[in-house]
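Student: Quick note: to get this note's numbering, add 113 to the position in the sequence shown (first position is 1).
Beta carbons: idealized from backbone N, C-alpha and C, even for Gly.
Below is the structure I would like to discuss, written out as structure tokens.
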Amino acid sequence: MTQHPPPGPGFGPPPPQYAPTPPPYAPQPPYAQAPQPPYAQAPPPQPAAAGPDFLAVDKRNAVVVDASGVAFETSGLTVEFRWPEIRGVHYRASPDGKALMVAVVHMDGRFYECVVEARPRTRLQEWFPQLAWVLGHYRPMG
């Protein structure tokens, strides 16, 4: 069993954009400017960069791989995994060769799997190179 070092004390000081502003040197009358917030405004969230994506769908299940990560939909439930929380993504054909099996290994070691039927069966052979290319784009080291 692997032992991990304990985390360091606290999180440290806030990043500069969230550090409190210094107090004013002279009091300002209430009718002057609107009061400044004590913290700098966070920049607006940037949309994920456009990139290749992969989609495999059947009647009940779906697998999506895109710039944000991997998403599984199984019988109406959706689970999304962002790239920073993914340790690995594995895929293979089902034992009977009728479905694509995709697994995500979470950073904490948990394992999630989604199975998508390939109809017609030849679709499975189309999905493999597409999925390999998209995963290689976002996770070039595996």
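When you measure from the CB of residue 170 to every non-hydrogen atom of the ligand MN, does any distance come out below 7 Å?
Tutor: This structure lacks the ligand MN; in fact it carries no ligand of any kind.
Student: Can you name, in chain order, every residue of its own chain whose Cβ lies under 7 Å from the Cβ of residue 248, other than the five neighbours on each side?
Tutor: Once the five neighbours on either side are set aside, the close Cβ partners of residue 248 are 178 and 202.
Student: Three or more C-beta pairs under 8 Å: does that hold for the region 167 to 174 against the region 218 to 229?
Tutor: With the cut-off at 8 Å, the region 167 to 174 and the region 218 to 229 touch.
Student: Residue 182 bridges to which residues according to DSSP?
Tutor: DSSP lists 179 and 195 as partners of residue 182.
Student: Measuring alpha carbon to alpha carbon, tell me which of 198, 190 and 237 ends up nearest residue 252.
Tutor: It is 198 whose Cα lies nearest to the Cα of residue 252.
Student: For residue 81, which residues from the same chain have a beta carbon less than 6 Å from its beta carbon, with the 5 sequence-adjacent residues on both sides left out?
Tutor: Residue numbering for the chain in the displayed model covers 114 to 255; residue 81 lies beyond these limits and cannot be assessed.
Student: To the nearest angstrom, how far is it from the Cα of residue 184 to the Cα of residue 207?
Tutor: Computed Cα separation, rounded: 19 Å.
Student: Name the two residues that bound the continuous beta strand (DSSP E) containing residue 245.
Tutor: Run containing residue 245: none in the beta strand (DSSP E); it sits in the alpha helix (DSSP H), 235 to 251.
Student: Shortest alpha-carbon distance to residue 216 belongs to which of 233, 165 and 193?
Tutor: Taking only the C-alpha atoms, the option nearest residue 216 is 193.
Student: Going by DSSP in three states, residue 220 sits in which element: helix, strand or coil?
Tutor: Coil.
Student: Can the beta-carbon of residue 214 be found less than 8 Å from the beta-carbon of residue 204?
Tutor: For residue 214 and residue 204, yes; Cβs fall inside 8 Å.
Student: Provide the residue span of the beta strand (DSSP E) that contains residue 169, from first to last.
Tutor: Residues 167 to 170.
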